[in-house]
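Data first, discussion second: the structure below is written as structure tokens.
There are 2 protein chains.
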Amino acid sequence: MTSTEVSPPETTHRPEALADSIRAAGLRVTAPRLAVLLALAESPHSTADRLFASVRTDLPGTSLQAVYGVLAAFTAAGLTRKIEPSGSAALFERRVGDNHHHIVCTRCGTVRDVDCAVGAAPCLTPEDASGFAVQAAEVTYWGVCPTCQVELATTLSSAPLLLNKGAR
Amino acid sequence: MTSTEVSPPETTHRPEALADSIRAAGLRVTAPRLAVLLALAESPHSTADRLFASVRTDLPGTSLQAVYGVLAAFTAAGLTRKIEPSGSAALFERRVGDNHHHIVCTRCGTVRDVDCAVGAAPCLTPEDASGFAVQAAEVTYWGVCPTCQVELATTLSSAPLLLNKGAR
DNA sequence: GTCCTTGTTTTGAATTACTCAAAATAAGAC
DNA sequence: GTCTTATTTTGAGTAATTCAAAACAAGGAC
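Protein sequences, first through last, are from chains U and W.
First residue of the first sequence? That's 49 in the working numbering, and the numbers climb one at a time after it.
First residue of the second sequence? That's 49 in the working numbering, and the numbers climb one at a time after it.
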């Protein structure tokens with residue numbers, strides 16, 4: 049229980065550390081679970097499908113449903129967090145327990161973490177919440193990532209994909 | 049002609065006004081489009097499916113795909129806005145062009161508009177955007193709506209559904 | 001170390017939300 | 001009224017995710 053730590057490099061990749069965090073969450077340690085956690089350390093914002101592909105290289109017998117199961121268990125246990133940016137499949141990340149947000153590239157879909165704009169608990173206070181008891185605020189920024197900015201400037205410019213924010 | 053009562057806001061419910069706004073967006077005026085717009089006036093945050101059901105009562109021949117088509121055209125034309133709160137199907141609303149956000153009830157899924165907490169263009173400036181050129185910021189609040197608060201307090205309390213924010 | 005219980009994964013199928021495409025239809029300019 | 005072209009219908013397909021039963025294995029009991 050306790051300790052949803054935020055992770056120093058060692059704890060994010062060392063098998064024993066990974067196993068410990070799984071156990072600490074009250075879950076059994078299994079190969080697919082370790083593999084998913086490791087894959088998430090390598091690409092911190094991944095779809096189930098991407099993780100499945102990654103896990104498969106080490107553990108060819110693993111099924112996609114297993115990955116979904118692992119992610120559901122992890123997310124329920126607070127070991128991972130699930131985010132669902134408009135227009136993409138759900139993404140999972142290991143950075144949990146802090147209140148951070150995300151910026152998504154409207155051209156290539158890349159996601160980066162963004163710390164709270166306004167201190168620790170940000171936009172958590174809408175002026176008029178219509179009587180709702182507010183529990184959380186989730187911010188998604190949309191923009192063009194550095195790489196795509198360059199590509200656009202270089203007039204490699206083809207039609208920008210425009211994920212689906214502005215119009216569309 | 050002359051004066052229908054002042055009951056519904058005129059521009060959001062009057063057929064001619066609806067038709068005008070569709071035409072103004074450069075689109076042809078059709079029965080399904082009018083019906084969708086009207087249905088949206090009645091429930092301002094609706095899924096395609098909900099709108100389909102609503103439209104069907106007046107226009108039984110309408111297909112679900114037509115509704116999807118109408119909504120895609122409207123959204124591309126800036127006549128409606130599409131929002132996709134985690135864990136639910138896409139919702140559509142007619143309030144566009146202003147920068148407003150949403151609060152979603154974690155128990156029943158109800159959605160309400162929320163005006164910007166921090167002036168007109170809010171969290172639009174993350175402290176560190178990792179070099180992204182930020183185009184938009186989207187805020188989703190999660191909480192318990194007044195009705196559900198009462199129901200929970202009344203210890204009608206069954207297991208709260210917990211849409212899917214905190215854990216799960 | 002072996003056994004047993006119970007959580008986890010596999011296997012196989014179903015579901016939801018949504019998209020695509022061709023043919024039929026109808027708005028609106030003429 | 002006619003014609004062009006946007007829109008809708010009809011019919012099918014897909015991606016992401018979930019459900020359920022049976023096989024399997026982690027970790028505590030012995």
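Just so it is clear, CB atoms sit at the ideal spot from N, CA and C, and this is done for glycine as well.
Partners in chain U for residue i, counting only beta-carbon separations shorter than 7 angstroms
| i | result |
| --- | --- |
| Ser134/W | Glu132 |
| Phe122/W | Ordered by position in chain U, no residue passes the 7 angstroms Cβ test against Phe122/W, which lies about 11 angstroms from the chain. |
Inter-residue spacing [alpha-carbon to alpha-carbon] between residue i and residue j
| i | j | result |
| --- | --- | --- |
| Thr95/U | Ala65/W | 44 angstroms |
| Leu119/U | Asp106/W | 44 angstroms |
| Glu199/W | Val182/U | 16 angstroms |
| Gly191/U | Leu75/W | 29 angstroms |
| Cys156/W | Ser91/W | 15 angstroms |
| Pro80/U | Ser111/U | 9 angstroms |
| His61/U | Thr195/W | 46 angstroms |
| Ala67/W | Ala125/U | 51 angstroms |
| Val187/W | Val187/U | 4 angstroms |
| Leu82/W | Arg71/W | 11 angstroms |
| Gly109/W | Thr59/W | 26 angstroms |
| Pro174/U | Gln197/W | 18 angstroms |
| Asp146/U | Ser69/W | 44 angstroms |
| Phe140/W | Pro63/U | 45 angstroms |
| Phe122/U | Val159/W | 28 angstroms |
| Ala185/U | Leu127/U | 20 angstroms |
| Arg143/W | Arg129/W | 7 angstroms |
| Ala101/W | Gly135/U | 24 angstroms |
Delimiting residues of the alpha helix (DSSP H) encompassing residue i
| i | result |
| --- | --- |
| Phe100/W | Ala96 to Asp106 |
| Phe122/W | Leu112 to Ala124 |
| Asp68/U | Pro63 to Ala72 |
| Val198/W | Pro194 to Glu199 |
Whole-angstrom C-beta distance between residue j and residue i, which should lie under 8 angstroms
| i | j | result |
| --- | --- | --- |
| Cys164/U | His148/U | 7 angstroms |
| Leu87/W | Leu99/W | The question names Leu, yet the displayed sequence has Ala at residue 87/W. Rounded, the Cβ-Cβ distance is 5 angstroms, consistent with contact. |
| Tyr189/W | Ala177/U | 7 angstroms |
| Val152/W | Pro133/W | 5 angstroms |
Chain U contact residues for residue i, given Cβ-Cβ distances below 9 angstroms
| i | result |
| --- | --- |
| Val153/W | The amino acid at residue 153/W is misidentified as Val; the sequence shows Cys. Those are Phe180, listed as they occur along chain U. |
| Arg81/W | Within chain U, no residue comes near Arg81/W; the closest Cβ sits about 17 angstroms away, beyond 9 angstroms. |
Extent of the continuous beta strand (DSSP E) to which residue i belongs
| i | result |
| --- | --- |
| Arg129/U | Arg129 to Ile131 |
| Phe140/U | Leu139 to Glu141 |
Backbone secondary structure at residue i - three-state DSSP
| i | result |
| --- | --- |
| Glu175/W | coil |
| Ser51/W | Because the pLDDT at Ser51/W is just 49, under 50, the model does not fix this residue reliably, and the value given afterwards should be weighed accordingly. Correct three-state label for Ser51/W: coil. |
| Ala185/U | strand |
| Ala169/U | With a pLDDT of 49 at Ala169/U, under the threshold of 50, the predicted position of this residue should be treated as unreliable, and no value is reported. |
| Arg160/W | strand |
| Cys153/U | strand |
| Val84/U | helix |
| Thr59/U | helix |
Neighbour list for residue i in chain W, Cβ cutoff strictly below 9 angstroms
| i | result |
| --- | --- |
| Thr188/U | Ala184, Ala185, Glu186, Val187 and Thr188 |
| Val192/U | Phe180, Ala181, Val182 and Gln183 |
| Arg76/U | Here the premise fails: no neighbours, minimum Cβ distance about 18 angstroms. |
| Arg104/U | Those do not exist, as Arg104/U stays about 27 angstroms from chain W at its closest Cβ, beyond 9 angstroms. |
| Arg98/U | Chain W residues near Arg98/U: none, gap ~19 angstroms exceeds 9 angstroms. |
Neighbouring residues, chain W, relative to residue i (Cβ below 8 angstroms)
| i | result |
| --- | --- |
| Gln113/U | Residues of chain W passing the Cβ test: none, with the nearest at roughly 18 angstroms. |
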